[in-house]
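Chains as they are written, first to last, in this note's numbering: chain A, 351 to 658; chain B, 141 to 498. Here the structure comes first, spelled out in structure tokens, and everything after it is commentary.
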Amino acid sequence: MSSAVLISIAMTVVGAATPILLAALGELVVEKSGVLNLGLEGMMLIGAVTAFAVTYSTGSAPLGLIAAMAASAAASMIFGFLTLTLTANQVATGLALTIFGIGLSSLIGQGFVGRTVDALHRTFPAALAEHPVWRLIFGHSPLVYISLVMTALVAWFLTRSRAGLILRAIGESDEAAHSIGYSVIGVRYLAVAFGGAMAGLGGSYYSLVLTPMWADRLTAGRGWIALALVVFASWRPLRLLAGAYLFGAVMTFELHAKAAGVSFLAPEFLAMLPYLATIVVLTVISVAPAGGRLAAPACLGKPFRATG
Amino acid sequence: MSRMNRRQLLAGSAATLALPALIGRAGAQEPLNVGFVYVGPVGDHGWTYAHDVARKRAEAKFGDQIKTNYVENVAEGPDAERVIRQLAQQGNKLIFTTSFGFMNPTIKVAQQFPDVHFEHCTGYKMADNVGIYNARFYEGRAVIGTIAGMMSKTGKAGYVASFPIPEVVMGINAFTLAARKVNPQFTVQVLWANTWYDPAKEADAAKALIDQGADIISQHTDSPAPLQAAEQRGVYAFGQASDMMAFAPKAHLTAITDDWGPYYVDQIQKQLDGAWEPQDIWWGIKEGLVGISPYNEVMPADVREAADKVKNDIAAGTLHPFTGPITDQSGAERVAAGETVADADLLKMDWYVEGVQS
Chain A
351 MSSAVLISIA MTVVGAATPI LLAALGELVV EKSGVLNLGL EGMMLIGAVT AFAVTYSTGS
411 APLGLIAAMA ASAAASMIFG FLTLTLTANQ VATGLALTIF GIGLSSLIGQ GFVGRTVDAL
471 HRTFPAALAE HPVWRLIFGH SPLVYISLVM TALVAWFLTR SRAGLILRAI GESDEAAHSI
531 GYSVIGVRYL AVAFGGAMAG LGGSYYSLVL TPMWADRLTA GRGWIALALV VFASWRPLRL
591 LAGAYLFGAV MTFELHAKAA GVSFLAPEFL AMLPYLATIV VLTVISVAPA GGRLAAPACL
651 GKPFRATG
Chain B
141 MSRMNRRQLL AGSAATLALP ALIGRAGAQE PLNVGFVYVG PVGDHGWTYA HDVARKRAEA
201 KFGDQIKTNY VENVAEGPDA ERVIRQLAQQ GNKLIFTTSF GFMNPTIKVA QQFPDVHFEH
261 CTGYKMADNV GIYNARFYEG RAVIGTIAGM MSKTGKAGYV ASFPIPEVVM GINAFTLAAR
321 KVNPQFTVQV LWANTWYDPA KEADAAKALI DQGADIISQH TDSPAPLQAA EQRGVYAFGQ
381 ASDMMAFAPK AHLTAITDDW GPYYVDQIQK QLDGAWEPQD IWWGIKEGLV GISPYNEVMP
441 ADVREAADKV KNDIAAGTLH PFTGPITDQS GAERVAAGET VADADLLKMD WYVEGVQS
């Protein structure tokens, strides 16, 4: 296999990994604050359609990205109001948000089906972006670099900043954090909004970069993979990065093995690989001493009512 | 025309009680009500879109003589039965149900409304008041296969496929046979995406095929994503179900299009004449049901001529895409020289011709 093909495959892996990394990073922060938002898929779809609609109408992709983040964050606020203020069940509300997002994105997108925009492919000048080798580093969409920067920022925020410490405290023991005067609900609202904005950014990757168009259910279930990835990464940003790229690599490997006519592995086996990888990694994490089971925020999914 | 979604339709069921009065008043001038049930949104730019264009065509043709009612986004299953029954109760005398999964609901409702006529698309169950219709898409595949054989430099096409059902298998075979007639060394690498619709996966599948040396992409999945991937990578591709030139102005050579208009006009005319009867229809290029969209300007004259010739010969009945000798993947002869594959065998095709790599 020539190096040009290998670079090309690597580029495809980056494309498969980036949107799920973006969405999963947001969800990781949400879950660290003790909230489980299963509405990722719906928020990604709302982001995808908003990014496309705004970019198509205004011709400005940056504006499209900002609008996508705002729209998905707004959708996440519905979830926030129901689960944080009204203490509704988070699992049921999250699922409802996904169903709502599928319907709403389809409604908004009605007038945009069958249209296309210029893909947001390049960040750097063509000399670098289309260089046969350097394109591996410089040939990506701005969203790819944003996802990497955000991974570093989230990692720094959670482990090195005071605000991150407060957020983690709220996720681990909401009662204790509340009793020393932190606003549990306020911080959780912020986390949920951040998760929404990141999901919107992830969704935009589909409608502006990977397949620059809008069609119903464009993300085709990637939100669920992002959700699983957070558990897979045992709530750690750098593991999340590795996990997203591992998933991207496995999904791409499946297609390349089929395209190369690899016949000693059944196609059904190849299709199974991403899920097999999930099971293997979950097993490894769970038996490790500082195990994955213990890594889950203690208050994850539990409603909080301020008392006293 | 009246447009409604499922919820409005169900919510309006109370209003249907008033319908007989309305019909009585309209008397002899009352138009024929024709119902359509769609599986997707009319804006899907593919399957349902094509059916809706045909509905509008029929409406334009018959004017005041008919009134069409459609319901979009109907899920295959129990919902479909409710919607079809509603349409029958609301006075539609001819109802087109346009997805394979509407087959059993159509038959069931048809038993309850013996004086309503039903037309079901792509199924195989008939009744005294249920006819079936389908399109010979493989004829279009033969045309684009011819183009692929002539336009490809590497002699290798990539084929993004959904599931190995006869409909898809016969398309792959027709494409490959036609391409190998032009270039006997031509090969077609099939990649089973195991989905009808997953734009990101379809795009990555097309990229994988291009990385493996394919310089022309064909697809039997529903989104324009493979075309967009081809456009990015600078190779050629074909549209699916409707003209997708807008998605890939450089890559899009042509598309196989569905034009159900002539069939709908024909059936509605029969209903108006009182001459409707259940039929098993499988129309193709000759009847205008399967079409080829305008060619991309990059196609040289000789390629256009060759493609037109295949199209015209199929229409004239002088060429059948499945004419022997045909050998399968193992090199064994499956169809003897001069023979053609019978329709019944096409509809259960489960083997690949030589040149297909899957």
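All C-beta atoms, glycine included, are put in the ideal place defined by N, C-alpha and C.
Per DSSP, what kind of secondary structure is residue i in: helix, strand or coil?
i: asparagine 209 of chain B; result: strand
i: leucine 605 of chain A; result: helix
i: tryptophan 423 of chain B; result: strand
i: threonine 237 of chain B; result: strand
i: leucine 149 of chain B; result: Bear in mind that a pLDDT of 48 at leucine 149 of chain B, under 50, signals an unreliable position, so the model cannot answer this.
i: histidine 360 of chain B; result: strand
i: arginine 518 of chain A; result: helix
i: leucine 650 of chain A; result: coil
i: leucine 172 of chain B; result: strand
i: threonine 362 of chain A; result: helix
i: aspartate 398 of chain B; result: strand
i: glutamate 473 of chain B; result: strand
i: isoleucine 458 of chain A; result: helix
i: valine 385 of chain A; result: coil
i: methionine 394 of chain A; result: helix
Whose Cβ in chain A lies nearer than 9 Å to the Cβ of residue i?
i: tyrosine 337 of chain B; result: Ala565, Asp566, Arg567 and Ala570
i: asparagine 334 of chain B; result: Pro617, Glu618 and Ala621
Which one of the options has the shortest CA to CA distance from residue i?
i: proline 254 of chain B; options: B/Val443, B/Gly183 and B/Pro418; result: B/Pro418
i: lysine 488 of chain B; options: B/Asp398, B/Pro304, B/Gln407 and B/Gly231; result: B/Pro304
i: arginine 276 of chain B; options: B/Ser470, B/Val270 and B/Ile454; result: B/Ile454
i: arginine 499 of chain B; options: B/Ile432, B/Asp483, B/Gln407 and B/Asn436; result: It is not possible to answer for residue 499 of chain B, since the shown part of chain B is limited to 141 through 498.
i: glutamine 230 of chain B; options: B/Lys265, B/Val438, B/Lys207 and B/His260; result: B/Lys207
i: histidine 471 of chain A; options: B/Phe242, B/Gln409 and B/Gln368; result: B/Gln368
i: valine 177 of chain B; options: B/Tyr210, B/Asp338, B/Gly457 and B/Glu427; result: B/Tyr210
i: alanine 401 of chain A; options: A/Ala616, A/Leu560, A/Gly521 and A/Ala513; result: A/Leu560
i: alanine 447 of chain B; options: B/Ala456, B/Thr458 and B/Ile432; result: B/Ile432
i: serine 557 of chain A; options: A/Val404, A/Ala543 and A/Ala610; result: A/Val404
i: leucine 234 of chain B; options: B/Gln411, B/Gly478, B/Gln205 and B/Phe378; result: B/Gln411
Can you check whether the C-beta of residue i is within less than 9 Å of a C-beta belonging to chain A?
i: glycine 180 of chain B; result: yes
i: tryptophan 491 of chain B; result: no
i: leucine 349 of chain B; result: yes
i: asparagine 173 of chain B; result: no
i: lysine 341 of chain B; result: yes
i: glutamine 329 of chain B; result: yes
i: glutamine 205 of chain B; result: no
i: glutamine 380 of chain B; result: no
i: glutamine 368 of chain B; result: yes
i: histidine 185 of chain B; result: yes
For residue i, would you say it is in contact with chain B, using Cβ-to-Cβ distances shorter than 9 Å as the test?
i: glutamine 460 of chain A; result: yes
i: alanine 366 of chain A; result: yes
i: methionine 601 of chain A; result: yes
i: glycine 611 of chain A; result: yes
i: threonine 605 of chain A; result: For clarity, residue 605 of chain A is leucine in the given sequence; the question names threonine instead. Yes, leucine 605 of chain A lies at the interface with chain B (some Cβ there is under 9 Å from its Cβ).
i: alanine 648 of chain A; result: no
i: threonine 362 of chain A; result: yes
i: proline 369 of chain A; result: yes
i: serine 491 of chain A; result: no
Name the chain B residues whose beta carbon is nearer than 7 Å to that of residue i?
i: lysine 608 of chain A; result: Leu331 and Trp332
i: serine 358 of chain A; result: Asp351
i: leucine 560 of chain A; result: Ala340 and Ala343
i: valine 499 of chain A; result: The contacting residues do not exist; valine 499 of chain A stays about 23 Å from chain B at best.
i: valine 355 of chain A; result: Asp351
Name, in chain order, the residues that DSSP records as bridge partners for residue i.
i: glutamine 497 of chain B; result: B/Gln329
i: cysteine 261 of chain B; result: B/Tyr273
i: tyrosine 595 of chain A; result: Paired residue(s): none; tyrosine 595 of chain A is not in a bridge.
i: tyrosine 299 of chain B; result: B/Val330 and B/Ser358
i: threonine 335 of chain B; result: In DSSP, threonine 335 of chain B forms no bridge with anything.
i: arginine 392 of chain B; result: Note on residue identity: the sequence assigns histidine, not arginine, to residue 392 of chain B. Beta-bridge pairing links histidine 392 of chain B to B/Ala377.
i: threonine 480 of chain B; result: B/Thr463
i: aspartate 468 of chain B; result: B/Val493
i: alanine 267 of chain B; result: B/Val270
i: glycine 431 of chain B; result: B/Thr397
i: methionine 243 of chain B; result: DSSP, once it has assigned bridges, lists no residue as partnering methionine 243 of chain B.
Along chain B, in chain order, which residues have C-beta atoms closer than 9 Å to that of residue i?
i: tyrosine 556 of chain A; result: Pro339 and Ala340
Would a check of beta-carbon distances place residue i closer than 9 Å to chain D?
i: arginine 465 of chain A; result: Checking the listed chains, one finds no chain D in this structure; the protein chains it contains are A and B.
Residue i touches chain A at which residues, Cβ-Cβ below 7 Å?
i: glutamine 497 of chain B; result: Gly611
i: serine 433 of chain B; result: Within chain A, no residue comes near serine 433 of chain B; the closest Cβ sits about 14 Å away, beyond 7 Å.
i: phenylalanine 387 of chain B; result: Thr466 and Met563
What does residue i reach in chain A if we use C-beta pairs closer than 8 Å?
i: glycine 298 of chain B; result: Ala609
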